[in-house]
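Here is the structure we will look at.
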């Protein structure tokens, strides 16, 4: 166990934790608009964390360059996709959930 | 290490699948499938590292691109009512 | 462990996709099915099958089905919601009949698999003739690193070419059908 | 100009994916990247690149650490709200007009709002109108003026 493995493990499991929390959020939150929050943030960051952990484990090579490209693409595309989804729901006229409505 | 992480992510995807099945609206389902897609990308990268065959990353890259396309096609259908 | 969860996923997705009333939701669930199927292919080390599953199953098929849906009805016909009408009773009988047919067919197919040799046994006749050659000589004969890819694209090249042309024709006919007349 | 740049980017991407440097691979990569950029060279670099773009990229890189820090904070926020047994959320929708003009600035602001704590962009159009869904009411609902100021600084003297 050298120091690099430990650091990459920390990144890996932090990312896994955030992805898991995002899933729980998607299940628990009451309406579509609030479900977008964990999908847009938790997943983006969890995924970036896991892939950065893999990059640290791998060191500098073609593989980590590919991982970097995936991370950058996802940091751009994932918020855009959630934003597009929210836009579709907004255009369709979906009303947001208010505090006090039933879940 | 990678095995445990992969299992955690698969379980998270299982939770999201519940939302995809239950989801009261179509939008919820698309959101859930989009999230499953991002988890799939990570899972593919992890499987590549488990098997020590990092060329699996190419599939992960293709996935990251395709996941986006399907979502955008669906949204175009919802907004315009057609695809062409 | 992961494999079992993934296969369970596939079964659940299949059942749900059949049970849905809304065709758009079914399409989306099938998208999730494809995503998971590609992970299974990857775990079986069949990289290019996973590629195909990713691009055809999750990408193009979803887009094409949505394009087809945009020209037709999305929801299932209202017979289901009809309650206790005579038509509904007839529908129920028909459905039971269909279930019987499916069960019998499935049973026959399952019976057929009993004669097959055990999976992964090295002494089976299927694993004695060409498989050792594929494993040993793939790299020197074809120059391809992954031998699932080599089998698909080199040794069975004509087969794959036929499949590809079928998919290409299907794509062309879908474009012809869906193209909007100005 | 845009043709050459696009084909260079495409060819670099090809080399990255292939990882092997044999003659046949380089040749086919060259041919296919030229073909792709022949079809779609106006997509990636729509207009000519001048000096202000380089300044803008520099400013954007300086903006990134702050954004990363905000992403981390927002994740802890989401984790707290999702795991808390009572789920302390009180969503509302906020409309405002940012005075951004360029498409790039609007895109950056929309993605930044989605990634910062408590808010998600629901709609943004080219006039700079934003509709934001916030998970808490009150002061925190409106995405801070500082994000807008920061993005405006990146946008800089835009001549569009």
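Chains as they are written, first to last, in our numbering: chain A, 1 to 103; chain B, 1001 to 1084; chain C, 2001 to 2182; chain D, 3001 to 3160. Note that the Cβ used here is the ideal one computed from N, Cα and C, for glycine as well. This structure is a prediction, so every number in the text was calculated from the model and none was measured.
Across the structure, residue 2055 of chain C and residue 2089 of chain C are spaced so that their CA atoms are roughly 42 Å apart.
With a threshold of 16 other beta carbon atoms within 10 Å, residue 3040 of chain D falls short and is exposed. Using beta-carbon distances, residue 1051 of chain B does not count as an interface residue toward chain A, since no partner is under 8 Å. In the structure shown, residue 3097 of chain D falls within a strand segment according to DSSP collapsed to helix, strand and coil. Ranked by Cα distance from residue 2154 of chain C, the options C/2165, C/2166, C/2141 are led by C/2141. Residue 3134 of chain D is bridged by DSSP to D/3092, D/3119. Counting only residues of its own chain and dropping the five nearest sequence neighbours on each side, residue 1042 of chain B has a CB closer than 7 Å to the CB of 1009.
In the three-state reduction of the DSSP assignment, residue 1058 of chain B falls in the helix class.
When Cβ pairs closer than 8 Å are counted between the two stretches, the stretch 2097-2109 of chain C is seen not to touch the stretch 2017-2027 of chain C, the count staying below three. Separation of residue 75 of chain A and residue 2159 of chain C (C-alpha to C-alpha, rounded to the nearest whole angstrom) is 40 Å. Using a Cβ-Cβ cut-off of 8 Å, residue 86 of chain A is close to 3120, 3121, 3122, 3123, 3133 of chain D, given in chain order.
For residue 69 of chain A, the residues of chain B that pass the 8 Å Cβ criterion are 1061, in the order they occur in the chain.
Between residue 50 of chain A and residue 9 of chain A the beta-carbon gap is near 11 Å, outside 8 Å, which marks them as no contact. In chain order, 1008, 1009, 1011, 1012, 1015 make up the part of chain B whose C-beta sits under 9 Å from the C-beta of residue 20 of chain A.
Contact between residue 2064 of chain C and residue 2174 of chain C holds, since their C-beta atoms are separated by about 5 Å, short of 8 Å. Counting only Cβ-Cβ distances below 8 Å, residue 11 of chain A has no contacts in chain B at all, with the closest Cβ about 10 Å away.
Among the bridge pairs identified by DSSP, residue 3124 of chain D is matched with D/3130. The three-state reading of DSSP puts residue 2022 of chain C in strand, counting E and B together. Under the three-state reduction of DSSP output, residue 3063 of chain D falls in the helix class. Residue range 3-28 is occupied by the alpha helix (DSSP H) that includes residue 19 of chain A. Our two residues, residue 2016 of chain C and residue 1013 of chain B, have alpha carbons roughly 16 Å apart in a direct line. In the structure shown, residue 37 of chain A adopts helical secondary structure according to DSSP, grouped into three states. When only Cα atoms are considered, residue 3093 of chain D and residue 2057 of chain C end up about 37 Å apart.
Of all residues in the stretch 3012-3043 of chain D, only 3016, 3017, 3019 place a beta-carbon less than 8 Å from a beta-carbon of chain A.
For residue 2164 of chain C, the number of other beta carbons within 10 angstroms of its own is below 16, and it is reported as exposed.
In this structure, residue 3017 of chain D sits away from residue 1003 of chain B, with a CB-CB distance that is not shorter than 8 Å.
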